[in-house]
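Asks: Encoded as structure tokens, here's the structure I'll be asking about.
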Amino acid sequence: MAGVSRRTVPELVTLTVSSLVLALVIVLLVLQIAAGNDPARPVVTVGAIVERGEGGFHVPVSVRNRGDRAAASVQVTASLTTGATTVEADQVVDFLGVDETEELVFVFGSDPAAGELAVAVAGFADP
Amino acid sequence: MTTGAAAATAARSACQPAGGQWSREVTDLARATTGALLFGIPLLYTMEVWWAGVRATPPQALVILALALVAVVVLNHTSGFRRTRDVRLADAVADGVEVVGLCLVLATVLLFLLGELTLDTPRSVALGKIAYETLPLSIGAAVAAQFLRESRDGDPGEEASDDDAEPRDASSATLNDLGATVIGAVFIAMNIAPTDEIPMLDSAMGAPRVLALLVASLLVSYAIVFVAGFSGQSRRHNQQGPLQHPLTETIVCYLVSLVVAGALLWMFNRTEGPWSVSLSHIVVLGLPAAVGGAAGRIAI
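Residue numbers (my numbering), protein chains in the order written: chain A, -4 to 122; chain B, 18 to 317.
Structural data, given as structure tokens:
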């Protein structure tokens, strides 16, 4: 190790800082491996409904993957039942990494507050 | 120990003043950063690489980092980023750790500037993206000394002869620099201009990040030409001419790089939106153009 011992002080400082950075990244990755390998678990959260005049009623929906593995082709469905009428819509999120969140907006012509709104994850693929 | 190894180690550990050692280390790190950018910036602007990082599992990311380290150690034996060649395995490994550590930081900063990392990015996604961008950046850093006619201590002094050369005529030097900037900027930015990455990045960045990228582009451009210790650096510091002061040259050549970026975007029909959006696109493409332009001024 004579080669290392002859490094100058600035080189040793750079080596120390670089080693710490590399070690930090490795530790974070190892912690993630140790955290588990549960399947993807996309869950939806409905936000506050906003009326946009002629643009209809916007329903913001967050879909977040709370599992330990990624999910692909996550299908999110929303249905609004007002009286005897049911309006359905769906969107697909191409890819959802671990702990990643995608924001979606569903648009309905009638006020969701006056009916029954149901938003759910219909399915996903294991990439 | 071989004679070459002894000479290399002696050259590295020669009794220099502390200030000289720090200056030399900064120069070496600037050279490594230059190599990393020249090789890695096209992949930094490639969405498939971001997606590969997003999809990477932690074991995959660890393997990518291990590959980067092994590749850099091997390259340090033949090239490296320092003026002295790493003949000993221990030096090659130590420099390899430095390169990978430096490129981890560089990838993080650049991905953050480009909006591909934010404070809300999940940890696994961030680590995957950083690992995948660190690999090409590290390879570029590890061959930095071979870029742009760099000469090493103990080698026949190509740099010395270049630096000792008579300063060129002021007007021809200025014209040469502007022409070299255009050629270098086209060389790097033309690969990126027609792709969808520029509007994608721009839409996610926002004005503060675009401004920060502009400042970073100027700093990188200055560092490549006037700090990284490539051939002709001393001559460039002493060059006479209306645009030859380091700061003036950096700013003017950055503006030329922006013009090149704008022309390339126009050529590929990427400037059809409002002027403010087009300007923002130009600044986003301006980083690779500035890196190419700076390299062009050294190479030509």
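All C-beta atoms in this analysis are idealised placements derived from N, C-alpha and C, irrespective of residue type, glycine included.
Cβ of Met222/B within 8 Å of Cβ of Leu131/B?
Replies: By 1-based counting over the second sequence, the position of residue 222/B is 205. By 1-based counting over the second sequence, the position of residue 131/B is 114. Against a cut-off of 8 Å, the Cβ pair of Leu131/B and Met222/B comes out as a contact.
Asks: I need the boundaries of the beta strand (DSSP E) containing Val71/A, first residue and last residue.
Replies: Taking the first sequence and counting its residues from 1, the one referred to as residue 71/A is at position 76. Residues 66 to 77.
Asks: Does DSSP put Leu10/A in a helix, a strand or coil?
Replies: Here residue 10/A refers to the residue found at position 15 of the first sequence. Helix.
Asks: Please decide whether Gln70/A counts as near chain B, where near means a Cβ-Cβ distance under 8 Å.
Replies: Position 75 of the first sequence, counted from the first residue, corresponds to residue 70/A. Not one chain B Cβ lies under 8 Å of Gln70/A.
Asks: Taking only beta-carbon atoms, is Val71/B less than 8 Å away from chain A?
Replies: Walking along the second sequence from the start, residue 71/B turns up at place 54. Val71/B counts as touching chain A.
Asks: Taking the alpha helix (DSSP H) that His262/B falls in, what are its first and last residues?
Replies: Against the second sequence, residue 262/B aligns to sequence position 245. His262/B -> no alpha helix (DSSP H), and no H or E assigned at all.
Asks: So, helix, strand or coil for Phe52/A, using DSSP?
Replies: The sequence position of residue 52/A within the first sequence is 57, counting from 1. Correct three-state label for Phe52/A: strand.
Asks: How many Å lie between Ala126/A and Val66/B at the Cα?
Replies: Look at the range of chain A in this structure, -4 to 122, and you will see that residue 126/A is not part of it.
Asks: What are the boundary residues of the beta strand (DSSP E) that Glu214/B is part of?
Replies: The sequence position of residue 214/B within the second sequence is 197, counting from 1. Where Glu214/B is concerned, there is no enclosing beta strand (DSSP E), although the alpha helix (DSSP H) it sits in stretches over 214 to 243.
Asks: Find the nearest neighbour of Ala73/A within the set Leu26/A, Val114/A, Leu15/A, Ser13/A, judged by alpha-carbon distance.
Replies: Numbered from its first residue, the first sequence carries residue 73/A at position 78. Checking every option, the nearest Cα to that of Ala73/A belongs to Val114/A.
Asks: Less than 8 Å between the CB atoms is what I'm expecting for Val117/B and Thr151/B, so what's the real figure, rounded?
Replies: By 1-based counting over the second sequence, the position of residue 117/B is 100. By 1-based counting over the second sequence, the position of residue 151/B is 134. Indeed, because the Cβ distance is near 7 Å, the residues count as touching under 8 Å.
Asks: Output needed for Arg47/A: all residues of its chain with C-beta closer than 6 Å, excluding positions within five of it in sequence on either side, in chain order.
Replies: Along the first sequence, read from residue 1 onward, the residue named residue 47/A stands at position 52. His53.
Asks: Leaving out five residues before and five after Glu97/A in sequence, what residues of the same chain have Cβ atoms less than 7 Å from its Cβ?
Replies: Residue numbering aside, residue 97/A sits at position 102 when the first sequence is read from its first letter. Val58, Val88, Leu91, listed in sequence order.
Asks: Hey, how far is the Cα of Thr74/B from the Cα of Asn93/B?
Replies: As a first step, residue 74/B is located in the second sequence; it is residue number 57 there, counting from the start. As a first step, residue 93/B is located in the second sequence; it is residue number 76 there, counting from the start. Cα-Cα distance, rounded: 29 Å.
Asks: Secondary structure at Ala(-3)/A, three-state DSSP: helix, strand or coil?
Replies: For this step, residue -3/A is matched to residue 2 along the first sequence. Model confidence at Ala(-3)/A stands at a pLDDT of 41, short of 50, so the residue's coordinates are unreliable and nothing is read from them.
Asks: Let's test the definition: count the other Cβ atoms within 10 Å of the Cβ of Asn286/B and tell me whether it reaches 16, buried, or not, exposed.
Replies: Translated into the one-based positions of the second sequence, residue 286/B becomes position 269. Result: exposed.
Asks: Would you say Ala15/B faces chain A, with C-beta separation under 8 Å as the test?
Replies: An answer regarding residue 15/B cannot be provided, because it is not within the stretch 18 to 317 covered by chain B.
Asks: Pull up the CB-CB distance for Gly145/B and Ala53/B, whole angstroms please, since I reckon it's below 8 Å.
Replies: Looking up residue 145/B in the second sequence gives position 128. Looking up residue 53/B in the second sequence gives position 36. About 19 Å separates the two Cβ atoms, so there is no contact after all.
Asks: If I'm right that Val273/B touches Thr191/B with Cβ under 8 Å, what's the distance once you round it to whole angstroms?
Replies: Taking the first residue of the second sequence as position 1, residue 273/B is located at position 256. Taking the first residue of the second sequence as position 1, residue 191/B is located at position 174. Contact flag wrong, Cβ pair sits at about 11 Å.
Asks: Spell out whether any CB of chain A is found under 8 Å from the CB atom of Gln163/B.
Replies: Position 146 of the second sequence, counting from 1, holds the residue named residue 163/B. No, its Cβ sits nowhere closer than 8 Å to a Cβ of chain A.
Asks: Going along the chain, which unbroken runs of the alpha helix (DSSP H) with 4 or more residues stay wholly within the region 27 to 108 of chain B?
Replies: Complete alpha helix (DSSP H) runs here, min 4: 35 to 61, 64 to 72, 75 to 95.
Asks: So Val237/B packs on Ala312/B, CB below 8 Å; how close in whole Å?
Replies: As a first step, residue 237/B is located in the second sequence; it is residue number 220 there, counting from the start. As a first step, residue 312/B is located in the second sequence; it is residue number 295 there, counting from the start. Not confirmed; about 11 Å, so no contact.
Asks: In angstroms, rounded to a whole number, what distance separates the CA positions of Tyr62/B and Glu95/A?
Replies: Here residue 62/B corresponds to residue number 45 of the second sequence, with the count starting at 1. Here residue 95/A corresponds to residue number 100 of the first sequence, with the count starting at 1. Approximately 21 Å between the Cα atoms of the pair.
Asks: DSSP puts Arg59/A in a beta bridge; with which residues?
Replies: Locating residue 59/A in the first sequence gives position 64, counting from the first residue. BP columns for Arg59/A point to Val38/A, Thr96/A.
Asks: Per DSSP, which one or two residues make a beta bridge with Gln86/A?
Replies: In the first sequence, counting from the first residue as 1, residue 86/A sits at position 91. Looking at the DSSP assignment, Gln86/A forms a beta bridge with Val71/A.
Asks: Phe204/B by DSSP, collapsed to three states: which one?
Replies: Within the second sequence, residue 204/B is the residue found at index 187, counting from 1. Phe204/B: helix per DSSP, three-state reduction.
Asks: Would you kindly report the start and end of the unbroken alpha helix (DSSP H) that includes Leu296/B?
Replies: Residue mapping note: residue 296/B aligns to position 279 of the second sequence, counting from 1. That run of the alpha helix (DSSP H) goes 292 to 316.
Asks: Between Glu49/A, Gly104/A, Leu10/A, which lies nearest to Glu83/A when the distance is taken from Cα to Cα?
Replies: As a working mapping, residue 83/A is identified with position 88 in the first sequence. Measuring from the Cα of Glu83/A, the nearest candidate turns out to be Gly104/A.
Asks: Could you tell me which of Val25/A, Val12/A, Val116/A sits nearest to Gln86/A, measuring between CA atoms?
Replies: Residue mapping note: residue 86/A aligns to position 91 of the first sequence, counting from 1. Answer by Cα proximity: Val116/A.
Asks: Going by C-alpha distance, which of Tyr149/B, Leu228/B, Thr95/B is nearest Pro59/B?
Replies: Here residue 59/B refers to the residue found at position 42 when the second sequence is read from its first residue. Considering only alpha carbons, the answer is Tyr149/B.
Asks: Any C-beta of chain B within less than 9 Å: which residues of the region 90 to 113 of chain A qualify?
Replies: Listed by position, the residues of the region 90 to 113 of chain A near chain B (Cβ gap below 9 Å) are Phe90, Gly92, Val93, Asp94, Glu95, Thr96.
Asks: Look up Glu111/A in the DSSP assignment and say whether it is helix, strand or coil.
Replies: As a working mapping, residue 111/A is identified with position 116 in the first sequence. Three-state DSSP puts Glu111/A in a strand.
Asks: Go ahead and pull the three-state DSSP assignment for Gly118/A.
Replies: Translated into the one-based positions of the first sequence, residue 118/A becomes position 123. Three-state result, Gly118/A: strand.
Asks: If the cut is a Cβ gap below 8 Å, which residues of chain A does Asp133/B touch?
Replies: Numbered from its first residue, the second sequence carries residue 133/B at position 116. Per the sequence shown, residue 133/B should be read as Glu rather than Asp. By Cβ distance, chain A contributes nothing, its closest Cβ being about 13 Å from Glu133/B, past 8 Å.
Asks: Please tell me whether Ala229/B and Ser155/B are closer than 8 Å, where the distance is taken between their beta carbons.
Replies: Residue numbering aside, residue 229/B sits at position 212 when the second sequence is read from its first letter. Residue numbering aside, residue 155/B sits at position 138 when the second sequence is read from its first letter. Against a cut-off of 8 Å, the Cβ pair of Ser155/B and Ala229/B comes out as no contact.
Asks: Cα-Cα, which of Trp68/B, Pro139/B, Phe98/B, Ser40/B is closest to Pro122/A?
Replies: Taking the first residue of the first sequence as 1, we reach residue 122/A at position 127. Looking at the Cα atoms, Trp68/B is the closest of the given residues.
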